[in-house]
Amino acid sequence: MNIAVLSGKGGTGKTTVSLNLALALKSNYIDCDVEEPNGFLFLKPKIDKTEKVMVEYPLINDNKCTSCGDCVDACQFNALAKVNKDIILFQKLCHGCGTCEIVCKYEAITYKKRETGKIESGKIRDINCSRGILNIGEPMAVPIIRQLLKNLSGDYNLIDCPPGTSCNVVNALKYAEAAILVTEPSEFGLHDLKMAVELVKMYKIPFGIVINKDDGKDNIVKKYCRNEEIKIIGIIPYSKATAILYSKGEILYDEMHHKIIFDKISKEVLLWN
Amino acid sequence: MELVILSGKGGTGKTTIVAALAELAKDVIRVDCDVDAPNLYMFYKGKDIEKNGFIGGKKAVINESLCIKCGKCEAVCKFSAIKNFKVNLFDCEGCGACSLVCPQNAIKLTSEKTADTFITKLDKGIISRAEMEIGSDGSGKLVMQLRKNSEKFNDNDKLTLIDGSPGIGCSVIASITGSDAVLVVTEPTKSGLGDLIRVVTLCEHFGVFTMVCINKYDINEEVTSEIENFVNGKGMKLVGKIPYDDTVMKSINELKPITCYKESIAEKAIEDMWSNIKKLCKIDKII
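Taken in sequence, the protein lines are chains G and R.
Using my numbering, the first residue of the first sequence is number 4, and each one after it goes up by one.
Using my numbering, the first residue of the second sequence is number 36, and each one after it goes up by one.
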């Protein structure tokens with residue numbers, strides 16, 4: 004079962020929940036937040052495999068190109084432009100869709116590949132970990148996320164998603180059979196949680212909420228969940244000790260008090276299967 | 036002058052700091068470019084004075100009455116967005132390859148509205164912001180549009196404060212391209228430091244003047260000094276060190292900028308940071 008961990012708002016504790024739950028379930032951990040992948044800072048797996056993520060881009064053969072401009076007109080991403088009598092490519096805007104090659108009447112376009120990121124995988128404490136890393140300066144995270152998630156195997160995969168509710172998250176959720184939404188009891192946390200709930204509902208998959216940095220009160224998130232009949236599958240109380248452990252890059256699951264919390268969440272998760 | 040507030044890692048305090056700096060700077064233009072988690076406007080009771088639909092991209096639409104189910108569209112689509120002669124709108128990137136190979140001319144690209152953009156008038160000044168359709172793409176383009184929408188309100192070369200997105204991808208690149216300066220808000224955690232390094236490298240790549248502040252610096256003074264070493268090593272300026280303060284959470288939940296709480300120690304540190312930024316960016320001349 005693939006379980007996506009998402010949040011809407013950044014910094015609510017997606018990575019904390021994903022990797023500790025992966026340890027509790029002895030499942031695979033996949034860090035899909037490829038712009039800022041942080042899970043490995045905590046798990047510190049021994050990396051035994053690295054693969055490149057390559058995307059295609061067009062190469063224009065100047066001998067064949069007549070600068071007719073059909074490719075420029077066809078490109079929906081403004082990745083090609085006609086400057087004087089030359090066709091120039093803005094590599095980073097190119098989606099590698101192949102449209103320019105289709106419209107070229109002179110067979111002047113072929114495709115080459117370039118690297119935009121990589122995927123690393125390794126093992127720690129008997130769990131398989133993998134992560135995608137977007138090269139700095141590259142705008143498009145989606146090809147990395149796709150390559151990272153297309154061959155998932157194993158009983159349980161915990162997918163640590165990027166923040167937000169747009170294309171990066173959509174591409175991660177596509178592979179999910181259940182979702183955990185991590186939030187914090189603040190006005191900002193609730194506002195962004197509502198967006199994430201709306202997104203997850205489109206997929207018609209089971210989901211539950213984990214409240215991180217909880218204040219122990221009947222707060223706005225708990226009231227919202229009650230009104231919307233969304234199950235709260237875990238509560239991580241706010242404590243300075245937890246914040247310090249996190250800041251050092253230590254694993255909460257190694258500490259008895261937190262282990263109990265994550266083992267309890269893992270029991271809720273197993274009910275989905 | 037456009038000052039962009041970034042963080043790399045989410046949840047380090049970008050929005051809190053943008054709201055505070057906007058109060059301290061008084062006459063500013065606010066742009067909320069964190070279109071995935073647009074929280075800045077929540078601090079204000081403004082009135083929307085402009086609303087426009089935003090076309091973020093296109094999607095392929097198959098006219099079933101013309102389709103002869105030849106499958107050429109499915110074969111050509113690089114995004115596996117067509118299955119059983121139906122387009123999956125979440126996967127379609129709107130490239131139009133399918134419409135070009137269709138022998139029946141049954142596929143058209145249609146513009147897709149992905150957001151509403153707003154100009155919201157506040158007690159003082161405006162905020163340019165968006166409400167995105169859930170699950171849509173093209174946030175980089177939307178960010179460019181929000182910056183552009185704010186321009187006409189900037190009559191007197193005012194300061195524009197941009198609340199950016201987490202990460203280093205398209206929406207962050209769209210918010211720093213052509214801007215004048217970046218303030219990175221980080222926190223003293225291993226994740227905060229790792230993400231700071233990535234976002235600073237991105238800013239260098241684009242040649243933008245970059246400053247750094249450490250929020251909640253006293254949570255882990257050891258990592259704070261690691262961050263300070265990194266910042267100094269890069270020859271960048273550390274403009275602020277803001278202590279952990281429960282009043283910040285209180286201010287968020289009361290939806291008031293932290294500058295409304297004059298007793299707050301975080302507020303005092305932000306005031307000091309603002310005078311550092313003013314000196315470094317020579318902002319006094321603008322305001």
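Glycine included, every Cβ here is placed at the ideal spot set by N, Cα and C.
Can you tell which of the options has the C-alpha that lies nearest to the C-alpha of residue i?
i	options	result
K88 of chain G	G:C68, G:C97, G:K95 and G:E104	G:C68
A54 of chain R	R:L124, R:E109, R:G131 and R:I161	R:I161
E271 of chain G	G:K251, G:F191, G:Q150 and G:A182	G:A182
K44 of chain R	G:P165, G:D221, G:I112 and G:A7	G:P165
S214 of chain R	R:I103, R:F244, R:T236 and R:D190	R:F244
L96 of chain G	G:A144, G:I236 and G:I235	G:A144
K243 of chain G	G:I236, G:L255 and G:I233	G:L255
N64 of chain G	G:V86, G:C132, G:E104 and G:V213	G:E104
I208 of chain R	R:E186, R:T236 and R:N184	R:T236
K314 of chain R	R:V274, R:I262 and R:Q180	R:V274
S163 of chain R	R:I84, R:C105 and R:L228	R:I84
C108 of chain R	G:D73, G:C71, G:T102 and G:V86	G:T102
E141 of chain G	G:L44, G:C132, G:E118 and G:I127	G:E118
D67 of chain R	R:N184, R:S260, R:I197 and R:K183	R:I197
N184 of chain R	R:R65, R:E263 and R:G131	R:R65
Using a Cβ-Cβ cut-off of 8 Å (strictly less than) and excluding sequence neighbours within five positions of residue i, which residues of its own chain qualify?
i	result
D355 of chain R	The requested residue 355 of chain R does not occur in the structure, where chain R is confined to residues 36 to 322.
K17 of chain G	V8, L9, S10, D36, D163, C164, P166 and V185
P231 of chain G	Sequence check: residue 231 of chain G is Glu here, not Pro. So the qualifying residues of the chain are V200.
V283 of chain R	G48, T51, I293, S299 and A301
F191 of chain G	K12
V213 of chain G	G16, V20, I183, L184, V185, T186, I235, I236, G237, I238, I239 and I268
L273 of chain G	L28
K93 of chain R	G129, G131, L144, T145, S146 and E147
I287 of chain R	T51
May I ask you to list the residues that DSSP assigns as paired with residue i?
i	result
G135 of chain G	G:I122
K118 of chain R	R:K121
V219 of chain R	R:L41 and R:V247
N87 of chain R	R:T152
N31 of chain G	G:N160
N5 of chain G	G:N160
D67 of chain R	R:D198
M1 of chain R	As displayed, chain R neither begins before 36 nor continues past 322, which places residue 1 of chain R out of reach and without an answer.
P283 of chain G	Because chain G here runs from 4 to 276, residue 283 of chain G falls outside it and cannot be looked at.
A95 of chain R	R:L144
K52 of chain G	G:S124
K82 of chain R	R:K156
So, at 6 Å on beta carbons, what are the nonlocal neighbours of residue i in its own chain, with the 5 sequence-adjacent residues on each side left out?
i	result
E123 of chain G	I50, T53 and R134
E59 of chain G	G99, Y114 and K116
I300 of chain R	P278 and D280
L2 of chain R	Nothing can be reported for residue 2 of chain R, as the shown portion of chain R is limited to 36 through 322.
G157 of chain G	N31
L101 of chain R	Q139 and A141
I147 of chain G	V37, V56, G120, G135 and L137
N215 of chain G	T15, G16, V185, E187 and I239
A289 of chain R	Looking at the sequence shown, residue 289 of chain R is not Ala but Glu. Here the set comprises nothing.
Y178 of chain G	N5 and L152
N311 of chain R	V274
G46 of chain R	none
Report the CB separation of residue i from residue j in whole angstroms; it is logged as a contact under 8 Å.
i	j	result
V39 of chain R	V220 of chain R	Contact doesn't hold; Cβ gap of about 11 Å is too wide.
I97 of chain R	F114 of chain R	At roughly 15 Å, the Cβ-Cβ gap does not stay under 8 Å, so I97 of chain R and F114 of chain R are not in contact.
K12 of chain G	D195 of chain G	4 Å
P223 of chain R	Y252 of chain R	6 Å
R233 of chain R	I211 of chain R	Not really, about 13 Å apart at Cβ, beyond 8 Å.
L24 of chain G	F210 of chain G	Contact doesn't hold; Cβ gap of about 14 Å is too wide.
A246 of chain G	I254 of chain R	6 Å
Y159 of chain G	L28 of chain G	5 Å
S21 of chain G	L161 of chain G	5 Å
K176 of chain R	G88 of chain R	Actually they do not touch by this definition, with Cβ atoms about 14 Å apart.
S146 of chain R	I90 of chain R	5 Å
Once you ignore the five residues that flank residue i on each side, which residues in its own chain have a CB closer than 7 Å to its CB?
i	result
S134 of chain R	A95, I142, K143 and L144
D280 of chain G	This structure leaves residue 280 of chain G out entirely; chain G is present only between 4 and 276.
K86 of chain R	D151 and F153
P40 of chain G	D34, R134, G135 and I136
A82 of chain G	L92, F93, L96 and C97
E110 of chain G	K67
N171 of chain G	A144, V145, I148 and P165
T168 of chain G	G11, M198, A199 and L202
V3 of chain G	There is simply no residue 3 of chain G to check, as chain G begins at 4 and stops at 276 in what is shown.
I262 of chain R	T221, P223, L228, L231 and I249
Should residue i be listed as close to the ligand ADP, given that the test is whether its C-beta is under 7 Å from any heavy atom?
i	result
H261 of chain G	This structure does not include the ligand ADP; it has no bound ligands of any sort.
*Mind pulling the alpha helix (DSSP H) runs of 4 or more residues that sit fully within the segment 169-230 of chain G?*
When DSSP assignments are scanned along the segment 169-230 of chain G, the uninterrupted stretches of alpha helix (DSSP H) that are 4 or more residues long and fall wholly within it turn out to be 170-176 and 190-205.
*Where are the alpha helix (DSSP H) runs, 4 residues long or more, that stay fully inside the segment 55-127 of chain G, in chain order?*
73-77 and 102-106
_Uninterrupted alpha helix (DSSP H) stretches inside the segment 270-298 of chain R (no shorter than 4 residues)_ = With a minimum length of 4 residues, the continuous alpha helix (DSSP H) runs that stay inside the segment 270-298 of chain R are 281-288.
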